[in-house]
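Structure first, then comments.
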Amino acid sequence: MLFNSAHFLVFLPIVLILAKILKGTYQRVFLLLASLYFYNAWHPASIVCDDIRTSTWYENWIDLSFCNLNINLYIIILIVSMIVDYVAGRLMSKEGVSEKFRRLCLIASLITNLGILAYFKYTNFLLEVFADIFNQISSGEPLKIEHLKIILPVGISFYTFQSMSYTIDVFRRNLEARKSFLDFALYVSFFPQLVAGPIVRAHTFFRDLDDTPKVTAEDVQIAFAQILMGFTRKIVFADNLAKVVDFTFTNYKILNPAEIWVGAMAFGWQIYFDFAGYTDIAIGTARLFGYKFDPNFNFPMVARNIADHWSRWHISFSTWIRDYIYIPLGGSRVGVLKGYRNLFITWLFAGIWHGAAYHFVGWGLWQGIMLGIHREYSKTKLAIWLNERGGLSYDIGARIFTMFCLSFGFIMFRAKTMKAAWAMMKSLVFAVPGGIYSVKTFVNYDYGILLVICFILSYYFSRNTIETIVENKKKFGVFVTANLFIILFFGAGGQNFLYFDF
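Per the working numbering, the sequence shown runs over residues 1 to 502.
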């Protein structure tokens with residue numbers, strides 16, 4: 001179910017009212033069923049119900065569930081993940097069990113979750129890598145492997161990571177295993193964050209589940225403002241920017257470097273507004289039920305450097321890979337070379353998590369390169385002097401430079417293939433055919449102005465939070481009026497959320 005759909009606008013108030021009427025176990029059972037209904041509403045665009053396939057058992061299963069019965073049987077995968085991790089947590093928490101047994105329980109949980117994720121998300125990519133390696137070392141006929149028709153279940157990357165963080169925390173004794181399967185199932189499947197995050201930690205969710213604070217009038221105002229801001233980010237900014245992004249990445253062969261730069265930057269802002277908009281709606285919706293999730297974005301597109309950017313962008317994911325990959329590898333406490341090894345392993349993982357393709361691997365490695373360069377640069381006397389004496393001009397210049405570096409990487413994130421990404425990046429760095437371009441022939445000129453406006457507004461509003469806006473009645477009134485106005489007059493909704501593909 002999409003947040004930006006009529007279905008959700010009917011679903012939310014009904015669930016909210018009934019959840020307020022019900023109490024205790026009845027409320028939790030209802031919210032779990034509502035969350036499963038929310039997930040069941042997802043139907044992949046690749047399923048065409050007037051073109052029933054009968055070639056394989058897998059396709060028959062898909063047709064039967066999605067088309068004939070209108071049931072999303074991928075819920076079974078979600079439930080299997082819940083059961084395995086719940087049982088693993090309970091077994092690890094039993095008194096008297098050995099550390100070896102606890103480790104086996106954790107391994108069983110990780111193998112199940114990562115195995116399911118690997119099959120649905122990485123099977124075709126691994127087959128492609130195998131074929132590429134074989135063709136490099138073989139002098140015979142080139143090996144060609146057809147992609148399997150595997151549909152990626154929506155949200156699998158998010159709920160898998162969320163569920164695994166629970167078992168890892170229980171194994172580390174940082175969290176007490178949940179006795180109630182109902183509570184754990186609700187934690188994994190709670191509908192606001194089920195399909196595209198944020199990745200909520202168990203201690204945060206269970207804190208509010210056990211002692212759900214009363215939802216005050218201020219909470220409702222904050223939630224409403226955050227949901228409204230989320231819709232503005234999505235259907236006004238992200239969906240409008242999608243037009244220039246789609247045009248640029250489809251027609252990059254005939255565009256000049258300036259136009260490609262604008263398209264790349266536009267994609268960075270598009271995916272930011274799209275994903276931040278989703279998490280705004282998710283966090284605001286959860287707050288209406290009494291759950292206060294941590295912020296997931298903090299104006300990352302006006303960050304001062306790459307490290308600052310990743311402390312602000314998709315915070316639930318960046319802290320996840322820090323806590324469960326980078327630090328267990330030894331972090332930066334193991335010497336310079338091993339520290340950089342850990343850095344690149346972590347960001348290689350981050351790239352592959354986002355997508356099963358070479359261009360996502362390239363994007364992850366680019367993040368690692370930028371972070372490594374920044375780490376060394378920040379130690380220099382020049383960096384220290386500029387940070388202390390550079391003033392406003394250096395502050396703004398550093399933010400603009402960071403945005404350009406990020407946009408270069410965003411080409412790899414958005415391109416269809418690494419070949420296309422490489423062609424676009426080469427045109428930006430090496431090829432300048434025709435010299436200086438006239439703005440009269442600049443296809444993306446208007447969008448360049450829009451990006452400047454986005455940067456200025458983000459830089460300004462990064463000084464204000466939703467809470468500070470709600471505290472001031474005049475600010476709150478202007479905020480609501482302005483958002484409603486631009487949604488009504490400039491909204492270009494109807495598009496799926498980008499992170500549904502991850």
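Idealized CB from N, CA, C, for every residue including glycine. Keep in mind the model is a prediction, meaning the values are calculated, not measured.
To the nearest angstrom, how far is the alpha carbon of residue i from that of residue j?
i, j, result
"Ser5", "Pro300", "27 Å"
"Ser35", "Phe3", "13 Å"
"Phe485", "Lys475", "15 Å"
"Ala258", "Met265", "11 Å"
"Ile156", "Met403", "30 Å"
"Leu272", "Pro295", "Correcting the residue identity first, residue 272 is Tyr in this sequence and not Leu. Each residue's Cα considered, the two are about 14 Å apart."
"Gly268", "Lys416", "16 Å"
"Phe120", "Ile79", "16 Å"
"Thr468", "Ile222", "10 Å"
"Pro433", "Ile254", "The predicted model places Pro433 with a pLDDT of 47, which falls under 50 and marks its position as unreliable; any figure quoted below should be read in that light. Approximately 11 Å between the Cα atoms of the pair."
"His374", "Arg304", "11 Å"
"Thr112", "Val334", "31 Å"
"Trp353", "Leu365", "13 Å"
"Trp422", "Lys379", "31 Å"
"Ile453", "His147", "43 Å"
Going by the CB atoms, is the gap between residue j and residue i shorter than 8 Å?
i, j, result
"Leu127", "Asn135", "no"
"Tyr122", "Ala356", "yes"
"Leu343", "Gly368", "yes"
"Val29", "Leu182", "yes"
"Thr279", "Pro153", "no"
"Phe289", "Ala19", "yes"
"Leu194", "Phe293", "no"
"Tyr326", "Ser165", "no"
"Trp310", "Ser316", "no"
"Met92", "Ala185", "no"
"Trp320", "Phe297", "no"
"Leu371", "Ile306", "yes"
"Val513", "Gln162", "Here the chain comprises residues numbered 1 to 502, so residue 513 is not present and cannot be evaluated."
Where do the N-terminal and C-terminal ends of the alpha helix (DSSP H) with residue i fall, by residue?
i, result
"Trp42", "Looking at the DSSP string, Trp42 is not in any alpha helix (DSSP H), and its letter there is neither H nor E."
"Pro13", "Ala6 to Ile21"
"Pro257", "Pro257 to Leu288"
"Trp385", "Lys381 to Arg389"
"Trp313", "Note, Trp313: premise wrong, no alpha helix (DSSP H); not H, not E."
"Asn251", "Looking at the DSSP string, Asn251 is not in any alpha helix (DSSP H), and its letter there is neither H nor E."
"Asp208", "Ala202 to Asp210"
"Leu484", "Lys473 to Phe490"
"Ile235", "Segment: none, Ile235 is in no alpha helix (DSSP H) and carries neither H nor E."
"Met1", "Run containing Met1: none; DSSP gives neither H nor E here."
"Asn342", "Val336 to His354"
"Leu371", "Tyr358 to Tyr377"
"Val514", "Any property of residue 514 remains undetermined from this structure, which presents the chain solely from 1 to 502."
In its own chain, which residues sit with a C-beta less than 7 Å from the C-beta of residue i, not counting the 5 before and 5 after it?
i, result
"Tyr394", "Leu386"
"Arg90", "Ala177"
"His7", "Met1 and Ala41"
"Ile260", "Thr248, Tyr252, Met424, Ser427 and Leu428"
Nearest chain B C-beta to residue i closer than 8 Å, yes or no?
i, result
"Thr380", "The structure shown contains no chain B, having only a single protein chain."
For residue i, I'd like the list of residues in its chain whose CB is within less than 8 Å of its CB, leaving aside the five on either flank, ordered along the chain.
i, result
"Thr232", "Gly277, Asn483, Ile486 and Ile487"
"Val470", "Glu218, Gln221, Ile222, Ala225 and Phe476"
"Gly362", "Gly351, Met412, Met418 and Ala421"
Suppose the cutoff is 6 Å on Cβ atoms and the five residues either side in sequence are ignored; what does the same chain contact list for residue i look like?
i, result
"Phe490", "Val236"
- Query: Which runs of the alpha helix (DSSP H) fall wholly inside the stretch 106-185 and span at least 4 residues, in chain order?
  - Reply: Counting whole runs of 4 or more residues, the stretch 106-185 contains the alpha helix (DSSP H) stretches 156-171.
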